[in-house]
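**Q**
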């Protein structure tokens, strides 16, 4: 191919209707699984997926620029941080897509609002009290969702059959006590539902997974083993916090490189635990926004706009970078400070929900992402 | 109002949990009103910020220049030292929360400390002084105005470090020009978004930059105290929310903070948050309005605001609605049963497993005040596991049904009473009491 796939895809963005890959397979496959990983705190996309082909990158980033020898090659324009070697293997196996210069519709710089918009599926913070994945789940009869951790994140809050799970300990209470407790909760639907779901999930996993839920790899492993069960959840959400690197974020060693390693380990553990189900799975890694293009005064980066993310899994038509790269030149930056977003997360969310999980376009445009019919689903992300 | 109901609401909804058999715990509205007028005086038990900073910095300096194994040993020693400080802080905080008297005041400390979250997550030096921050900036300032509290919090070294203001430099200041350093907007943004006006209240990115510029030069001295460094301060007047601030030193940001503290958006934001934390996930508008009006008419007086909460008729309804946070659950369990979890590591482990480790909030927004956020299936399971463990160790001398009457009697439904009375063992009865809706809520 003379013209790179990335450039071809970018040019196709203005030609709706052109289809590179088929999109019908998911409809017939109710076994497809989807995992959404939220990186809370705003991952610095220019470190994770450095645009090595942009001549402005090294000088703009200065001490925070990642060198060519510190990255794994993606294509002529982009590298992948060396700590993401597991993701790079998936890229080589054509099971990973990297997105660059992507964002939600949110254009301010508050973490909490940014995460709210990423999860509520609208265009404004607090626009809705439930999440887009929860609404999608509501449109998938018989499907259930799972959050690993002490609470259910907004994206999966609302209606729908959702449970959350933490690892077991040796001292689970007696069955009789639980029965009586359920009696006590008859007039308290919130506690009743929570307890019932916890019991169901425990029965499903059968006490297999133990460990510290704050360890991302343990959480990912639990998701994998629950999802690979025949009646397992079709949608799961996990969160990895700690990406808010305002100060001394590091290039090869330090806080940010450590977080990238943690993400890489979690993905590897997830793939392993999913086993054969990996082949029919898609995993999306997103963060609320990017960080400033230029380092701040303390060798870190502040809240920005355009960022990076990943889509991985056996069901993904991977092995490429999807980006309509806006450039890092002074006039190309958003508000003269951030990477300009040229692609909406909503396009990717829609593509995964329709092409992978079989959600109808009508539901996507009206309920799941309200009044979004002008935002097209990205083509060809799913096999 | 019925005396027993008044005592149950006083002890459980306002206080951190009734303490049956104690004569010192507040049981009346009058006692609550008296409680909040007593200012907190430092007891000297815990070290002040300056000495902790000194200790932390000495450790870092000792490790500097070391390599290999020696460096690893030094680092480990520092980690242990920080952990030791944290455990002592946690023990101290637990002790204050368990004292029968004064637990509404303690609840208010928790509320304001969470409102102005400093989290130990990620920054070693902050880990050393986050406890001191709560004592020096929060506890010591609950008897003045919101404005004084805001200033004390913003000046405190823990906040300066946590939200990166200590490293923020005016680009046109002496240091900025010489070292090519620049602004860090983190603290300014969170002040507007989380501490005062509230997100979406109408301020702009320009306002954030203006406040960040005014806050340049605010930082921390070598001795671990607040310090204003003129050489890092961005010169020139700044405009924030339409007002111009011309002072060329720390009085510039001070004046801006004092103005922000008095704005109606701040009154509304604080009133809503307080009602949410104290009343229910869906507090009545009348309560929010009442608190908002008090905030405005009293010029942001905290005692007036706290008094208005105690006097509000909305707070005295007979049904426990608000789901306890994990910390509230654990402390009220210990208060009711008179049995402490093993101090130090025991308490730490339990609160960690509930995802509610004091001083370790996940973000500057602090812990959620929405009860429902704490009631996921996994969280309920964890509470049940903890209750089961606790009952195994602590049920020996307890009659759960009788204890329930003393602690939360007026809240109990007929069904709950019936089930508690029919428990097959004291151990099971205690698990059921700890997990029943009337104890899980307040």
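Residue numbers (my numbering), protein chains in the order written: chain Y, 1 to 383; chain S, 1001 to 1442.
We put the CB at the ideal spot given by N, CA and C, even for glycine.
It should be emphasised that the depicted structure is a prediction, and the values quoted were computed from it without experimental measurement.
Are residue 290 of chain Y and residue 304 of chain Y close, meaning C-beta to C-beta below 7 angstroms?
**A** The sequence position of residue 290 of chain Y within the first chain is 290, counting from 1. The sequence position of residue 304 of chain Y within the first chain is 304, counting from 1. Result yes, Cβ atoms of residue 290 of chain Y and residue 304 of chain Y sit closer than 7 angstroms.
**Q** Suppose contacts are defined by Cβ-Cβ distances below 7 angstroms. Is residue 1290 of chain S in contact with residue 1261 of chain S by that definition?
**A** Taking the first residue of the second chain as 1, we reach residue 1290 of chain S at position 290. Taking the first residue of the second chain as 1, we reach residue 1261 of chain S at position 261. Contact: no.
**Q** Hey, how far is the Cα of residue 1370 of chain S from the Cα of residue 1322 of chain S?
**A** To locate residue 1370 of chain S, count along the second chain from 1; it is residue 370. To locate residue 1322 of chain S, count along the second chain from 1; it is residue 322. Cα to Cα, residue 1370 of chain S sits roughly 9 angstroms from residue 1322 of chain S.
**Q** Could you check which residue in Y:297, Y:342, Y:260 and Y:370 has the C-alpha nearest to that of residue 48 of chain Y?
**A** The sequence position of residue 48 of chain Y within the first chain is 48, counting from 1. Considering only alpha carbons, the answer is Y:260.
**Q** With respect to the alpha helix (DSSP H) encompassing residue 1433 of chain S, which residues constitute its N-terminal and C-terminal limits?
**A** For the purposes of this step, residue 1433 of chain S is taken as the residue at position 433 of the second chain. Counting along the chain, the alpha helix (DSSP H) containing residue 1433 of chain S begins and ends at 1426-1435.
**Q** Quick check on the burial criterion: 16 or more other C-beta atoms within 10 angstroms. Buried or exposed for residue 126 of chain Y?
**A** Within the first chain, residue 126 of chain Y is the residue found at index 126, counting from 1. Exposed, since its Cβ has fewer than 16 Cβ neighbours within 10 Å.
**Q** So if I threshold CB-CB distances at 9 angstroms, which residues from the region 1354-1373 of chain S count as touching chain Y?
**A** Hits within the stretch, in order: 1354, 1355, 1356, 1362, 1363, 1364, 1365, 1368, 1371, 1372 and 1373.
**Q** Taking 7 angstroms as the CB-CB cut-off, is residue 1013 of chain S touching chain Y?
**A** As a working mapping, residue 1013 of chain S is identified with position 13 in the second chain. Output row for residue 1013 of chain S: interface = no.
**Q** Return the chain-ordered list of same chain residues with a C-beta closer than 7 angstroms to the C-beta of residue 179 of chain Y, the five sequence neighbours on each side being excluded.
**A** For the purposes of this step, residue 179 of chain Y is taken as the residue at position 179 of the first chain. So the list is empty, once near-sequence residues are dropped.
**Q** DSSP has residue 239 of chain Y in a bridge; who is on the other side?
**A** Here residue 239 of chain Y is taken as the residue at index 239 of the first chain, counted from 1. DSSP, once it has assigned bridges, lists Y:38 as partnering residue 239 of chain Y.
**Q** Would the beta-carbon of residue 355 of chain Y fall within 7 angstroms of that of residue 382 of chain Y?
**A** The residue you call residue 355 of chain Y lines up with position 355 of the first chain. The residue you call residue 382 of chain Y lines up with position 382 of the first chain. Result yes, Cβ atoms of residue 355 of chain Y and residue 382 of chain Y sit closer than 7 angstroms.
**Q** Report yes or no: is there a C-beta of chain S within less than 7 angstroms of the C-beta of residue 331 of chain Y?
**A** The sequence position of residue 331 of chain Y within the first chain is 331, counting from 1. With 7 angstroms as the cut-off, residue 331 of chain Y does not count as an interface residue toward chain S.
**Q** Can you tell me whether DSSP reads residue 1 of chain Y as helix, strand or coil?
**A** The count along the first chain starts at 1 and reaches residue 1 of chain Y at position 1. Summary for residue 1 of chain Y: the model assigns pLDDT 31, below 50, so the residue's position carries little reliability, and this model does not support an answer.
**Q** For residue 1442 of chain S and residue 1273 of chain S, which I take to be in contact (beta-carbon distance under 8 angstroms), what is that distance rounded to the nearest angstrom?
**A** Walking along the second chain from the start, residue 1442 of chain S turns up at place 442. Walking along the second chain from the start, residue 1273 of chain S turns up at place 273. So it is not a contact: roughly 18 angstroms between Cβ atoms.
**Q** Would you identify the three-state DSSP class for residue 1409 of chain S, choosing helix, strand or coil?
**A** Residue 1409 of chain S sits at position 409 when you count from the first residue of the second chain. Residue 1409 of chain S falls in the helix class under three-state DSSP.
**Q** What does the Cβ neighbour count give for residue 1080 of chain S, buried or exposed, with the cut at 16 atoms within 10 Å?
**A** Here residue 1080 of chain S corresponds to residue number 80 of the second chain, with the count starting at 1. Residue 1080 of chain S should be labelled exposed.
**Q** Within the same chain, show all residues whose beta-carbon is closer than 6 angstroms to that of residue 23 of chain Y, passing over the 5 residues directly before and after it, in chain order.
**A** Here the question's residue 23 of chain Y lines up with position 23 in the first chain. Bear in mind that a pLDDT of 40 at residue 23 of chain Y, under 50, signals an unreliable position, so the number given afterwards is only what the model happens to contain. Closer than 6 angstroms at Cβ, skipping near neighbours: 355.
**Q** Output the boundary residues of the alpha helix (DSSP H) element that contains residue 1114 of chain S.
**A** Here residue 1114 of chain S is taken as the residue at index 114 of the second chain, counted from 1. 1103-1115 is the span of the alpha helix (DSSP H), which, as asked, contains residue 1114 of chain S.
**Q** Under 8 angstroms by Cβ, that's how I've got residue 1131 of chain S and residue 1233 of chain S pegged, so tell me the actual separation to the nearest angstrom.
**A** Residue 1131 of chain S sits at position 131 when you count from the first residue of the second chain. Residue 1233 of chain S sits at position 233 when you count from the first residue of the second chain. With 8 angstroms as the limit, residue 1131 of chain S and residue 1233 of chain S do not qualify as a contact, their Cβ atoms being about 30 angstroms apart.
**Q** Using DSSP's beta-bridge definition, name the partner residues of residue 282 of chain Y.
**A** Along the first chain, read from residue 1 onward, the residue named residue 282 of chain Y stands at position 282. Answer by DSSP bridge pairing, in chain order: Y:34.
**Q** Specify the secondary structure class of residue 1263 of chain S as computed by DSSP and reduced to three states.
**A** Reading the second chain from its first residue, position 263 is the one you call residue 1263 of chain S. Residue state, collapsed to three classes: coil.
**Q** Look at the alpha carbon of residue 207 of chain Y and the alpha carbon of residue 236 of chain Y, and state the distance between them as a whole number of angstroms.
**A** Stepping through the first chain from its first residue, residue 207 of chain Y is reached at position 207. Stepping through the first chain from its first residue, residue 236 of chain Y is reached at position 236. Interpretation of residue 207 of chain Y is limited by its pLDDT of 47, a score under 50 that renders its predicted location unreliable; the figure taken from the coordinates is listed afterwards. Going by the C-alpha atoms only, they are around 19 angstroms apart.
**Q** Got a sec: which bits of the region 1267-1298 of chain S sit with their beta carbon under 7 angstroms from any beta carbon on chain Y, in order along the chain?
**A** Listed in sequence order: no entries.
**Q** Is residue 234 of chain Y helix, strand or coil when you go by DSSP?
**A** If you number the first chain from 1, residue 234 of chain Y lands on position 234. Three-state result, residue 234 of chain Y: coil.
**Q** Straight-line CA distance for residue 121 of chain Y to residue 99 of chain Y?
**A** Residue 121 of chain Y sits at position 121 when you count from the first residue of the first chain. Residue 99 of chain Y sits at position 99 when you count from the first residue of the first chain. Computed Cα separation, rounded: 19 angstroms.
**Q** For the region 283-306 of chain Y, enumerate the residues whose C-beta is nearer than 8 angstroms to any C-beta of chain S, in chain order.
**A** Here the close residues are 296, 297, 298, 300, 302 and 303.
**Q** Spatial neighbours of residue 1141 of chain S within its chain, please: CB distance less than 7 angstroms, with the 5 preceding and 5 following residues excluded, ordered by chain position.
**A** Stepping through the second chain from its first residue, residue 1141 of chain S is reached at position 141. If we look at residue 1141 of chain S and ignore the five residues flanking it on each side, its Cβ neighbours are 1148, 1149 and 1152.
**Q** Check whether the Cβ of residue 1206 of chain S lies closer than 7 angstroms to any Cβ atom in chain Y.
**A** Stepping through the second chain from its first residue, residue 1206 of chain S is reached at position 206. No, because no Cβ of chain Y sits closer than 7 angstroms to the Cβ of residue 1206 of chain S.
**Q** Please list, in chain order, the residues of the region 180-191 of chain Y that have any C-beta partner in chain S closer than 9 angstroms.
**A** From the region 180-191 of chain Y, only 180, 181, 183, 184, 185, 186, 187, 188, 190 and 191 have a Cβ closer than 9 angstroms to chain S.
**Q** Thinking just about the alpha-carbon of each residue, which of Y:109, Y:106, Y:216 and Y:46 is nearest to the one in residue 79 of chain Y?
**A** Counting from 1 along the first chain, the entry for residue 79 of chain Y is found at position 79. Here the closest residue by C-alpha is Y:46.
**Q** Measuring alpha carbon to alpha carbon, tell me which of S:1204, S:1305, S:1242 and S:1054 ends up nearest residue 1157 of chain S.
**A** As a working mapping, residue 1157 of chain S is identified with position 157 in the second chain. Comparing Cα-Cα distances from residue 1157 of chain S to each of S:1204, S:1305, S:1242 and S:1054, the minimum goes to S:1054.
**Q** For residue 1299 of chain S, does the count of other Cβ atoms within 10 angstroms reach 16, so buried, or fall short, so exposed?
**A** Taking the second chain and counting its residues from 1, the one referred to as residue 1299 of chain S is at position 299. Classification of residue 1299 of chain S: exposed, given that the 10 Å Cβ count is below 16.
**Q** Cβ closer than 7 angstroms: which chain S residues qualify as neighbours of residue 197 of chain Y?
**A** Position 197 of the first chain, counted from the first residue, corresponds to residue 197 of chain Y. Neighbours of residue 197 of chain Y on chain S, chain order: 1377.
**Q** So residue 962 of chain S is in the beta strand (DSSP E); what residue range does that whole segment cover?
**A** Because chain S spans 1001 through 1442 in this model, residue 962 of chain S falls outside it and cannot be assessed.
**Q** Using DSSP's beta-bridge definition, name the partner residues of residue 1245 of chain S.
**A** Position 245 of the second chain, counting from 1, holds the residue named residue 1245 of chain S. S:1238, per the DSSP bridge assignment.
**Q** Alpha carbon to alpha carbon, how far is residue 1220 of chain S from residue 1154 of chain S?
**A** Against the second chain, residue 1220 of chain S aligns to sequence position 220. Against the second chain, residue 1154 of chain S aligns to sequence position 154. Their backbone Cα atoms lie some 11 angstroms apart in a straight line.
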